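J.: Have a look at the structure that comes next, please.
Protein chains in written order, with full-length UniProt numbering: chain A, 1 to 191; chain B, 1 to 1253.
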């Protein structure tokens, strides 16, 4: 069983957290912190297994992680999982992300954490490995994205336009116009 | 309205979406928390709006904030709203959020049951997929119970994507709702052979998880997994399977032997490192389980070690780490093979990777020998000097001590060296293992008399240099504990001190007050010991100056301790102050008190066995398990009474033991003592304490072991075990230790009690080596008992999943389905009606018929409704089964025949069914036919006769209905009672040969006919003749073992007809293409029967077969060879085993509920029937024929009509309706999920019935 999947960057900022066992938010943050401390002090050329996370699990649990550029991908697993298998799984996960985001980078994870979750859900379900075949995973994800687009249809067009405008990274003055006030102005027009 | 919508959309455009939120947080790095709280406010407003899109957006943002550590559980209800959206986009957002923040105790979850059910059954695959994924994260016990059935339905989905997810979710369902495991397991097992590899893999995954925690219940799946292992190429799945085998082999060494070869092949062939590694791991597990007496497995060990060496030498740190990990497993059983690679391990100690160093350390622990220990410890010490990081250094320190102290210092030859090592270790900064060092020091000082003087000297030095040890860093470490040991040792063995006064001075001065309380207390106490010693010696030498000096020193320093904040210190100090003052006073008078003072501390302190306290027998009259207050509820009290009985029995016996052992004669005592001494002398690990070096000079003359026995007259045996046979205990306790600790945690009473009593028994035996003639406990048995203790924590859900899966399902073990409240209510009313109806006999028929008709109408309308709704429902229980099975047109005919008794069957039949299943299991296990059915039938018949009304305890459930029936039956039968009793006796005699199914029928139809039938003497109904010659007759019977590996069990009975013994029976049964026997040796077609037949004797053997296709009949040819005593050549008979399709059917799971479910669900698509216009058989005889071998079971039998049910090994259902008309016209209608099966089954039944003609 996989107990938790954590992705955080070199500074310990969480980019994705998935706990397959319940911890309250405070505990989750502590676990992230502890895991970061354990993992971050290790060189890149040491092994990818780590025992001794005190907060999560116990003797039976291991941290298995990989470090890609600015991100750590950490899986906390028990002894029923194969260590090397999980390493492969992390690789599959990252490669899938790479395919879905086209050259994935930390920013993709920052702004699309929901999508990353959906991708992860196709790999691991409730702490158990669901699928390891990348083509199958990608087909499922694309299917669902298609479904989402269909549903959005025309109704989402204005929203998309607005978010496109927002995403254009307009200079600061646009912010000063106070976009949030606009709806009030529109209300006054009395439709 | 439309305007509002547009407006909503427009407003929405300017709401922050998730991207904006993230961007905002990034732009407000300094004021993040302020910004987020502002966003939270916005989110709250958004959640208040009606627009679902706005809500979904808000929930998506919340999910992000949750990751940052913000509690979002307050939005639980909104999340559910979003989850319930018809749009996949929003649904997905909702489920994601739920899976992130809901957990099994979330209260709003109870609102979600129906919504999730809807989603699971959605026609959109991804809706159900999302629901499954979400559910896997937050499923609760209630949800698991309510949705188990829906998840099961998804197992048969046409889409592999859903099947896969449903399979995985099942595991979570089991965890939360263990009752689901047994009913669901057969389906789960089927998924192991799913055409989709993903589903297969998921099923393997789930079963592996289940089996890992309760391996013994899954042993029977080994062949399936074995097949998968040898056929699959999916490495992911192989890894899981191989890991599973690793867990199974310790339970079944034979399995291990079988595995070695394919695993070795895999090791040689695979290129995947992960697979290779798991193979090695499992091979190691196998080798461990069959470790002894297997010379040819050296090759396997060598192979493993070689491969591991390659891994360890690999440049990939991961492989190196895993190699070491696996190596340490081999080490436990085959230390020799690992020790050869010491160089490699020591090399790994220098690795830059801490994980690898730690692993290497573990290995070292097992590689130590007497010769190498000094070298290894030296290397470790130098490592420790260089090592950075206290954690690793602590680990090193601990390992050094473990290495040296393992097995009672097995490898230590020079204890002076060891003491120096320990003293050296004290200098380590910031260690957390001060306590460990301290206990080692004390252990050595107490137990190794030879080095005691040396140790004491070292300790005096330590005390003198206390300030060095307790440096500024001491606050964070526990190194001060060492001083505890030092002070104690110096005090206790003060006569060995070179300069007691100097030591006393070093104890008194310095910053003792800054030490922890318990250490101060020991300091104070040992000051007194030292003082006593100094005074005694000084008095002998008349050194009054010394006396005065020391006394003044103490009186000057002790007040510091008297005012200590620690109670213990304070108390001891003030006590000692008074003693010293008193001594001072005495000296002023010129009295010598040294000897008296020394008496205060007299008596040697011997080590006490760790378990000594537990071994103290329970005093008479003390019942630890008795309630102090009144127990809370009645039911528990009952349970407790039963338990208490047990306690008393056990307590009594231990009391007896104690009595015996408290009155040993002087002679016996002497004998014991001698025996003990002899034992100690021969025990190499016993550190002998010689009388000469006994620390108290004034007690030199007294034999050490006499002191406690004679001096302390306790009425409980506190003293003996710890003092006398300490070392023996410690050696033995090595293995007990773990078990006991675990045992503490465990609160299950019964187990615990057994445990305690057994260990106390053991202890008694140990103490009284001579007179242990009663109840000696075999050591081996005890050992295994200890290991069976469940070491899982109380709340581990896997404890509840320890369920025997091989047992066939009983009819009440079905997944809960949704039922109508209405149905229950209605049933109640009707049964009330019946209750009123029954006693009055005359208008009975009429009324019933009317009622039946009414019921039919209701049933019909209900059916229509059901079809309209297209929701799977459980039909109301009073539905007449028979009516369901046949076409509406025929209904009228049958309803004429439905007698009153029909409605009574329910209760009885259900109760019967329960017993029947357990009977079945008994049957497979014990081969004893029908013994239990006899008793259960007995119960029912007896209730019918008024003389023995109380024997139907186990039928209590059906009692209510029965009493009604009883009355009626009584009336009917009063006339022919004597006759009936006679028959009953007859019946009891030949029950052994009777099929149990007919009892059910007996219960149902208490009519004249049945009685007639009962009187018919019956032959062995199951057995078919297999072959016969002049010497031997062979009959066989078959039975489908549904639930157990889906096998067919063939019971072959050999009956000797010869006058001479027959031996060397050999069955040759080659497998056919579709029918395979499960053999111990798959290569051989031979089955050797290990016994011989004496004249007139008969013996049985059981063989199991598996069939690929159960819808068609099979045949198997073979032969039997045997040798008749006296004749030199063997004789052969050819055999032909027939497997008609009914062989593959089992009626075990038959129950009214499932039967009605089946009929109403529309699954039974195939139908077929036949008619025999001139059946010479009576109806009961026909039924009996049909239910032969238990392949079909009577679900309901009304008058001359019966419905039967059977399920094939592959899960096909077969339902039959048998109608018999007075004119010997027999019609059998069948419905099934599988057409071929049904037609074959009916063909077979027809021919058998015709043949009988």
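Idealized CB from N, CA, C, for every residue including glycine. The model shown is predicted, which means the values in this text are computed figures rather than measured ones.
Find out if the Cβ-Cβ distance for the pair residue 290 of chain B, residue 244 of chain B is shorter than 9 angstroms.
T.: no
J.: Going along the chain, which residues of its own chain have a beta-carbon closer than 6 angstroms to the beta-carbon of residue 563 of chain B, five neighbours each way excluded?
T.: Cβ neighbours of residue 563 of chain B within its own chain (closer than 6 angstroms, five residues either side excluded): none.
J.: Pull out every residue of the stretch 353-385 of chain B whose Cβ sits closer than 7 angstroms to any Cβ of chain A, in chain order.
T.: 353, 355, 356
J.: Distance, Cα to Cα, residue 17 of chain A vs residue 142 of chain A?
T.: 23 angstroms
J.: Which residues in chain A sit within 9 angstroms of residue 63 of chain B, going by Cβ to Cβ distance?
T.: 113, 114, 117
J.: Mind checking whether residue 1069 of chain B and residue 1168 of chain B have CB atoms under 9 angstroms apart?
T.: no
J.: Does the stretch 5-17 of chain A come close enough to the stretch 62-77 of chain A to have 3 or more Cβ pairs within less than 8 angstroms?
T.: yes
J.: Count the other CB atoms, across all protein chains shown, that sit within 10 Å of the CB of residue 789 of chain B; report buried if there are 16 or more and exposed otherwise.
T.: Per-residue confidence for residue 789 of chain B stands at a pLDDT of 46, beneath the threshold of 50, marking its modelled position as unreliable; the derived number appears in the next sentence. The residue in question, residue 789 of chain B, is buried, as its Cβ has 16 or more Cβ neighbours within 10 Å.
J.: Rounded to whole angstroms, what's the CA-CA distance from residue 14 of chain A to residue 25 of chain A? Just pull it up for me.
T.: 13 angstroms
J.: Pull the bridge partners of residue 268 of chain B from the DSSP assignment, please.
T.: In DSSP, residue 268 of chain B forms no bridge with anything.
J.: Quick check on residue 73 of chain A - is its C-beta less than 9 angstroms from some C-beta in chain B?
T.: no
J.: From what residue to what residue does the beta strand (DSSP E) around residue 1104 of chain B run?
T.: 1098-1107
J.: Should residue 397 of chain B and residue 425 of chain B be called a contact, given that it needs their Cβ atoms to be closer than 9 angstroms?
T.: yes
J.: Taking Cβ positions only, does residue 118 of chain B come closer than 9 angstroms to chain A?
T.: no
J.: Could you please give the first and the last residue of the uninterrupted alpha helix (DSSP H) stretch that includes residue 136 of chain B?
T.: 125-138
J.: Ordered along the chain, which non-local residues of its own chain (more than five positions away) have a Cβ less than 8 angstroms from that of residue 525 of chain B?
T.: 491, 572, 576
J.: Any Cβ of chain B within less than 9 angstroms of the Cβ of residue 152 of chain A?
T.: yes
J.: Identify the contact partners of residue 144 of chain A in chain B, using a Cβ-Cβ distance below 9 angstroms as the criterion.
T.: 88, 92, 126, 129, 130
J.: Taking Cβ positions, are residue 94 of chain B and residue 140 of chain A nearer each other than 9 angstroms?
T.: no
J.: How far does the beta strand (DSSP E) with residue 1259 of chain B in it reach, from first residue to last?
T.: Shown here, chain B extends from 1 to 1253; a query on residue 1259 of chain B therefore has no answer.
J.: Ends of the alpha helix (DSSP H) at residue 110 of chain B?
T.: Run containing residue 110 of chain B: none; DSSP gives neither H nor E here.
J.: Can you list the residues of chain B that residue 192 of chain A reaches, using a CB-CB cut of under 9 angstroms?
T.: Residue 192 of chain A cannot be examined here, being either before or after the span of chain A that is shown, 1 to 191.
J.: Rounded to whole angstroms, what is the Cα-Cα separation between residue 83 of chain A and residue 277 of chain B?
T.: 9 angstroms
J.: Would you please verify whether the beta carbon of residue 47 of chain A is less than 9 angstroms from any beta carbon of chain B?
T.: yes
J.: In the DSSP assignment, the beta strand (DSSP E) including residue 67 of chain A goes from what residue to what residue?
T.: 62-68
J.: Use the C-beta contact count for residue 1180 of chain B: other C-beta atoms within 10 angstroms, 16 or more gives buried, fewer gives exposed.
T.: buried
J.: So if I threshold CB-CB distances at 8 angstroms, which residues from the stretch 169-185 of chain B count as touching chain A?
T.: 169, 171, 172
J.: Using 8 angstroms as the threshold, is the stretch 310-323 of chain B in touch with the stretch 368-376 of chain B, meaning 3 or more CB pairs across them?
T.: no
J.: Any idea what DSSP makes of residue 42 of chain A, helix, strand or coil?
T.: coil
J.: What residue range does the beta strand (DSSP E) around residue 9 of chain A cover?
T.: Residue 9 of chain A -> beta strand (DSSP E) spans 2-9.
J.: Am I right that residue 444 of chain B and residue 484 of chain B are in contact with their C-beta atoms under 8 angstroms? What's the rounded C-beta distance?
T.: Your pair residue 444 of chain B and residue 484 of chain B does not check out as a contact, with CB atoms roughly 15 angstroms apart and the cut at 8 angstroms.
J.: For residue 164 of chain B and residue 123 of chain A, which I take to be in contact (beta-carbon distance under 8 angstroms), what is that distance rounded to the nearest angstrom?
T.: With 8 angstroms as the limit, residue 164 of chain B and residue 123 of chain A do not qualify as a contact, their Cβ atoms being about 12 angstroms apart.
J.: Starting from residue 1193 of chain B, follow its DSSP beta bridges and name the residues at the other end.
T.: B:1205
J.: Taking only the alpha-carbon atoms, compute the straight-line gap between residue 66 of chain A and residue 90 of chain A and give it to the nearest angstrom.
T.: 7 angstroms
J.: Does the Cβ-Cβ distance between residue 523 of chain B and residue 487 of chain B come in under 9 angstroms?
T.: Their beta carbons are under 9 angstroms apart, which means residue 523 of chain B touches residue 487 of chain B by this criterion.
J.: Check distances from the C-beta atoms of the stretch 227-238 of chain B to those of chain A and list, in chain order, the residues that come in under 7 angstroms.
T.: 236
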